[in-house]
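Number of protein chains: 2
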Amino acid sequence: MSEWFFPRVLVAGRIAHNVRVRSDGDVITDITVDTQPDRHTFNGVAVPGFANTHSHVFHRGLRGAGEGEDFWSWRREMYRLANRLVPDSYYRLARAAFAEMVAAGYTSVGEFHYVHHQPDGTLYPHHDMELALVNAALDAGIRITLLDTCYLHAGPGVPLGEEQARFSDGDVAGWLERWHALREAMPESPLVRLGAALHSVRAVSPDEMATAVSGLPERAPIHIHVSEQPRENEECQVAYGLTPTAVLERAGVLSDRTTVVHATHLSDDDIAMIARSNTIVSLCPTTEADLGDGIARVKDLLDAGVRLTIGTDEDVVTDPFAELRMVESTARLVSGTRGVIDCDVLWKIGSRNGVESLYPAAGPRSYQTSTPACGGAGLAVGDPADIVVVDPSSPRLAGVDPTRWPLVAAAEDVTATIIAGEWIRRGDTTAEDLRHVLDELRGRDS
Amino acid sequence: MSEWFFPRVLVAGRIAHNVRVRSDGDVITDITVDTQPDRHTFNGVAVPGFANTHSHVFHRGLRGAGEGEDFWSWRREMYRLANRLVPDSYYRLARAAFAEMVAAGYTSVGEFHYVHHQPDGTLYPHHDMELALVNAALDAGIRITLLDTCYLHAGPGVPLGEEQARFSDGDVAGWLERWHALREAMPESPLVRLGAALHSVRAVSPDEMATAVSGLPERAPIHIHVSEQPRENEECQVAYGLTPTAVLERAGVLSDRTTVVHATHLSDDDIAMIARSNTIVSLCPTTEADLGDGIARVKDLLDAGVRLTIGTDEDVVTDPFAELRMVESTARLVSGTRGVIDCDVLWKIGSRNGVESLYPAAGPRSYQTSTPACGGAGLAVGDPADIVVVDPSSPRLAGVDPTRWPLVAAAEDVTATIIAGEWIRRGDTTAEDLRHVLDELRGRDS
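Chains as they are written, first to last, in my numbering: chain A, 31 to 476; chain B, 31 to 476.
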């Protein structure tokens, strides 16, 4: 059991004072406000840890890289990097990038992982790439839901290219077999969970999707890229006469344990399908800006009752506050109004909704909270014991009500991160580790 | 004369090594690369200081404040704050907010100032509000171009409201008289320059604009808000049958010493008028997002050859890198492509173009550079001796080419700011100063 005292804590949408928080294992078991502590554990404002629901952690290696002219030329550069990864460099890159996430206040990550095999497609003997990620997360101290990805085609009816050989298990049966074997090989830890991903309607056919879903445990989280680029929508219409979202609905993929990623170019019907299936949406605002994807229909999704979350995706920015501000900023820019999303909802987009995406309710290691979903944002009994301490003393936050920080704060304001009841000390070698492994992957001396 | 040694410096669009930079007074006089210094003055990468071409510094008091539903409701809240300011609180708020800018790498500010008089419109005896700003800038160590603003009407033919009484000099002659008197009262300092602003086509009629311009010295910089909101365009069409930009052209306001601020909702003709007059545009990306103004036609402006700059405006974010990334991000989001603006151009948008806005060429205290405008970004002989040192050692920048930092870096990466040849030490009371004055202005005990 752990016990923490904070001078201020976000609880039920408000700032409570002199709060004692207790956790048992990785879950918050008690929150008592207006205590009389001898001393405070940390001198900041405690808020729920941020959940990063969509990460391709090796994309960190492309931060600031030269321009492609569009998404598709960027993807070619990304494939070049993907094909240089080996388990050791994958582990080192991931560990350092996860450490950067922890320092920024992310306490869990959904790692959408598809670089499974050797560059020619040969299997590694012991799930080496998958366990490289899991061990990187454990060593960085962050919770990981490994979203092991089924990736079979380059497009509807299009075989994979040579540069995609690492991604494929041949067919759904091969992927399922590996998935279940991996499940047995996963280390026992409250930080680790195995989930699943179907790459996209480009990479998995509707029939394959149905087979994949029926072969997975009932409450495993399922993530899938949807409608990031207009071209995906066009190709999907040509192949199936349906939008990507409609393909997912017919294939039985949409559900309350499913998260669709990006969901940038949706029709009204798409939004209705996502809403009535209680599917979650992962927005990746800084990535969608970096790649010129477009602006998701955030207000329409919220009005339909859809739960939104945030992801770092290509990790061009590692700052949950920057993601949240970008969600609201782009919503304002397209609507011409202010306050599109309540700050209380922004906090939940950053934290609680993300937990629901990575740990669907009623599954193993799900979290039952004592506050109903309509209650205010903040720490709650039954939630993961994932807590971020924000230092209010910077000029940036001076005079700003903490409940409004999603619009104002920055990763640098995070001074401590507690994950599964443990305070994760910052390593001081993160930058050096990143430089070394990136120089190596780019073929330069470090 | 000052002399600085840096391990790396942005010069002519590239990173040069072991560079000695000399300044005399407030101007760079020599740059020598590949020197053999005994030691480096700072251990980071030196880049040109950032110019903040549009600031209403007292808006810092509204950072994170409650939502209005749109720009116009936000403005009512802003007026309430404006009417609580007195010279002392204006000075203290400005000094702290300017210090925050300096720490973030801004080395000059165009302060668009219109809170001239007492709340009932009575004149202060000694330019008290204007000199409060100038002294705040001097004490914070930042260059200021005080853009003293002519503000006469609430809209075409609409008299000012009670809450705008502080802004008005009655008529153009009154404003010009005060402007010239203020010019005599300005302290002598390389950090200080007096410029002018016409608030907008709402606040100054076309005839008044023409009179104002003809009453100013030939090379005084002139700034004006243009087409921030669609409603301004509509009202202008009703009143004059012209767009705001066309009104400015007819009134003789557009020129190479003029900066139009926001320029969000422009027609093709507007862009052509701005381009052929060599008028500068001040974009305020984080403010335009915060207020839901819309996305400027950045690519079209650049294609037409228009010089863009950045401003903090309402100061919801104090981070030049965040502004630059937001310019490019929004341009990508509307175009669906990447690399809309070269990083080299982004550096110039952040620095050189801003200097040209605040110190128009051939005017007093203008800067003549040895590199032509089409040369690469970076420090140059003849430029202001305004230098920002960026620490490359954070995880955020690990493995990222410094020339690409406009897309990646953050204000926290700035470790030293040199203005007019002087290293400006950071005060450690900035946050406290902000809290005190904001509590006072909001009527709370601090």
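In this text, a Cβ means the ideal position worked out from N, Cα and C, and glycines have one as well.
- S423, S424, P425, R426: these are the residues of the segment 403 to 426 of chain B whose beta carbon lies less than 8 Å from some beta carbon of chain A, given in chain order.
- Beta-bridge partners assigned by DSSP to C314/B: none are found.
- Contacts with chain B at 7 Å (Cβ-Cβ) do not include E33/A.
- Closer than 7 Å to the CB of T460/B there is at least one CB belonging to chain A.
- For the 7 Å CB-CB criterion, A326/B and T294/B form a contact.
- Restricted to the segment 260 to 323 of chain A, the beta strand (DSSP E) segments that are unbroken, complete and at least 3 residues in length are 288 to 292, 310 to 313, listed in chain order.
- At a cut-off of 7 Å between beta-carbon atoms, V291/A makes no contact with chain B.
- Judged by DSSP secondary structure, S387/B falls within the alpha helix (DSSP H) whose first and last residues are 382 to 388.
- In terms of Cα proximity to I304/A, the closest of A439/A, E279/A, I174/A is E279/A.
- Contacts with chain B at 7 Å (Cβ-Cβ) include D100/A.
- Between the C-alpha atoms of G74/A and T339/A there is a straight-line separation of about 25 Å.
- In this structure, DSSP gives F72/A a state outside helix and strand, which the three-state scheme calls coil.
- Among the residues facing chain B, R261/A is not included, as its CB has no counterpart in that chain under 7 Å away.
- Under the 7 Å criterion on CB atoms, L464/A is classed as interfacial with respect to chain B.
- Contacts between D431/A and chain B, judged by CB atoms closer than 9 Å, involve G94, A95, G96 in chain order.
- Shown in chain order are the members of the segment 342 to 369 of chain A whose Cβ falls below 9 Å from a Cβ of chain B: V346, V347, T348, D349, A352, R355, M356, E358, S359, T360, A361, R362, L363, V364, S365, G366, T367, R368, G369.
- Counting only the Cα atoms, E318/A lies some 10 Å from E353/A.
- Residues of chain A whose Cβ lies closer than 7 Å to the Cβ of A319/B are, in chain order, S359, R362, L363.
- Contact fails between the segment 416 to 430 of chain A and the segment 320 to 337 of chain A, because fewer than three Cβ pairs, one in each stretch, are under 8 Å apart.
- Against W104/A, the close residues of chain B are R368, in the order they occur along the chain (beta-carbon pairs closer than 9 Å).
- Pairing V87/B with R434/A, the inter-Cα distance amounts to about 20 Å.
- Comparing alpha carbon positions, the residue from P217/A, D64/A, A170/A closest to P37/A is D64/A.
- Here Y136/B is not near N48/B, since their CB atoms are 7 Å or more apart.
- In the DSSP assignment, F101/A falls outside any beta strand (DSSP E) and lies within the alpha helix (DSSP H) extending over 101 to 112.
- Residues of chain B with a Cβ closer than 9 Å to the Cβ of L111/A do not exist; the shortest Cβ-Cβ separation is about 12 Å.
- Cα atoms of D118/A and A166/A: separation of roughly 10 Å, rounded to the nearest angstrom.
- Nearest C-alpha to T62/A among L468/A, A461/A, R455/A, A410/A: A410/A.
- With contacts defined by Cβ atoms closer than 7 Å, G185/B and R232/B form a contacting pair.
- The beta-carbon of I325/A is placed less than 7 Å from the nearest beta-carbon of chain B.
- Its chain contains K329 as the residues whose beta carbon lies nearer than 7 Å to that of S365/A, once the 5 sequence neighbours on both sides are disregarded; these appear in chain order.
- Chain-order list of chain B residues neighbouring G322/A: R362, L363, S365, G366, T367, R368, by C-beta distance under 7 Å.
- In the displayed model, I325/A falls within coil according to three-state DSSP, outside both helix and strand.
- Closest by C-alpha distance to N263/B, out of R249/B, V243/B, S230/B, is S230/B.
- Considering only S285/A, P189/A, R105/A, the residue with the shortest C-alpha distance to V234/A is P189/A.
- Spatial neighbours of R472/B in its own chain (CB-CB distance under 7 Å, excluding positions within 5 residues in sequence) are not present.
- DSSP places H89/B within a helical segment (H, G or I) once states are collapsed to three.
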